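Novice:
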Amino acid sequence: MKLDRYSIAIRLILLAGLIAPRAGIAQQSPGSYRPVTDERLKAPEPENWLFYRGTYDGWGYSPLEQINSENVQFLAPVWAFSTGVNGGHEAVPIVNDGVMFVTTPGNQVIAIDARSGDLMWLYLHELAEDVIAYHYTNRGVELYGDKVFMAT
Numbered sequence: 376m377k378l379d380r381y382s383i384a385i386r387l388i389l390l391a392g393l394i395a396p397r398a399g400i401a402q403q404s405p406g407s408y409r410p411v412t413d414e415r416l417k418a419p420e421p422e423n424w425l426f427y428r429g430t431y432d433g434w435g436y437s438p439l440e441q442i443n444s445e446n447v448q449f450l451a452p453v454w455a456f457s458t459g460v461n462g463g464h465e466a467v468p469i470v471n472d473g474v475m476f477v478t479t480p481g482n483q484v485i486a487i488d489a490r491s492g493d494l495m496w497l498y499l500h501e502l503a504e505d506v507i508a509y510h511y512t513n514r515g516v517e518l519y520g521d522k523v524f525m526a527t
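See below:
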């Protein structure tokens, strides 16, 4: 399924709404961003989204109960974020302790405060001049320890 920018923005907003009760890392005291460990990966936390589709088995379901069939019609966007990059955004956001990590075509990683939508930091992997990128998309990041990993 090919997603346009509107679909991606809506998905990011909805995901942000799921984790909005968590304080963003920008408001937290230093050191409150927890490293991703084997234990955390084996027992997914409902307020974090550390995998594609949320869990090792790809369940794609959040057990959070703030949004349900009784109130879903009252959802409204609280923020939007433009990566400034055109093209096929194919990776899902990964969320840890209020920080949303998004990758873009062209090997850019963006850390966003999931509560406010504010840019926290941006990393762009520059390719050498003699390297040709045959496919401009990126498949996302993974978190482990206090590191963000991206295949380029």
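Taking my numbering as reference, the numbering of the sequence shown is continuous, increasing by one, and the terminal residue is 527. Glycine residues also receive a C-beta, built at the ideal position from the N, C-alpha and C atoms. The model shown is predicted, which means the values in this text are computed figures rather than measured ones.
Rounded to a whole number of angstroms, what is the C-alpha to C-alpha distance between Phe-524 and Asp-493?
Specialist: Position 149 of the sequence shown, counted from the start, is the residue given in the question as residue 524. Position 118 of the sequence shown, counted from the start, is the residue given in the question as residue 493. Distance between the alpha carbons of Phe-524 and Asp-493: 21 angstroms.
Novice: For Ala-486, which residues from the same chain have a beta carbon less than 7 angstroms from its beta carbon, with the 5 sequence-adjacent residues on both sides left out?
Specialist: As a position in the sequence shown, residue 486 is number 111, starting the count at 1. Sequence-distant Cβ neighbours of Ala-486 in its own chain, meaning closer than 7 angstroms and more than five residues away, are Val-474, Phe-476, Met-495, Trp-496.
Novice: Mind pulling the beta strand (DSSP E) runs of 3 or more residues that sit fully within the segment 463-495?
Specialist: 469-471, 474-479, 483-488
Novice: With 16 other CB atoms within 10 Å as the buried threshold, where does His-464 fall?
Specialist: By 1-based counting over the sequence shown, the position of residue 464 is 89. Burial call: buried.
Novice: What do you get for Phe-456, buried or exposed, if any count of 16 or more other CB atoms within 10 angstroms of its CB means buried?
Specialist: As a first step, residue 456 is located in the sequence shown; it is residue number 81 there, counting from the start. Buried.
Novice: What three-state label does DSSP hand Val-460 in the structure shown?
Specialist: Taking the first residue of the sequence shown as 1, we reach residue 460 at position 85. It is coil, neither helix nor strand.
Novice: Measure the alpha-carbon distance for Tyr-431 versus Gly-459 and round it to whole angstroms.
Specialist: In the sequence shown, residue 431 corresponds to position 56, counting from 1. In the sequence shown, residue 459 corresponds to position 84, counting from 1. Spanning the two alpha carbons is a distance of roughly 31 angstroms.
Novice: Figure out for me which residue from Pro-419, Ile-507, Asp-488 has the closest Cα to the Cα of Tyr-436.
Specialist: As a position in the sequence shown, residue 436 is number 61, starting the count at 1. Comparing Cα-Cα distances from Tyr-436 to each of Pro-419, Ile-507, Asp-488, the minimum goes to Pro-419.
Novice: First and last residue of the alpha helix (DSSP H) that includes Glu-517?
Specialist: Looking up residue 517 in the sequence shown gives position 142. It is not in any alpha helix (DSSP H) - Glu-517 instead sits in the beta strand (DSSP E) that spans 516-519.
Novice: Classify Gly-520 as buried or exposed, calling it buried when 16 or more other Cβ atoms lie within 10 Å of its own Cβ.
Specialist: Numbered from 1 along the sequence shown, position 145 holds the residue referred to as residue 520. By the 10 Å Cβ count, Gly-520 comes out exposed.
Novice: Candidates Ser-444, Leu-499, Glu-440, Asn-471: which alpha carbon is nearest Pro-480's?
Specialist: Start at 1 with the first residue of the sequence shown, and residue 480 comes out as number 105. For Pro-480, the nearest C-alpha among the options comes from Leu-499.
Novice: Would you kindly report the start and end of the unbroken alpha helix (DSSP H) that includes Arg-415?
Specialist: Walking along the sequence shown from the start, residue 415 turns up at place 40. Note, Arg-415: alpha helix (DSSP H), 413-417.
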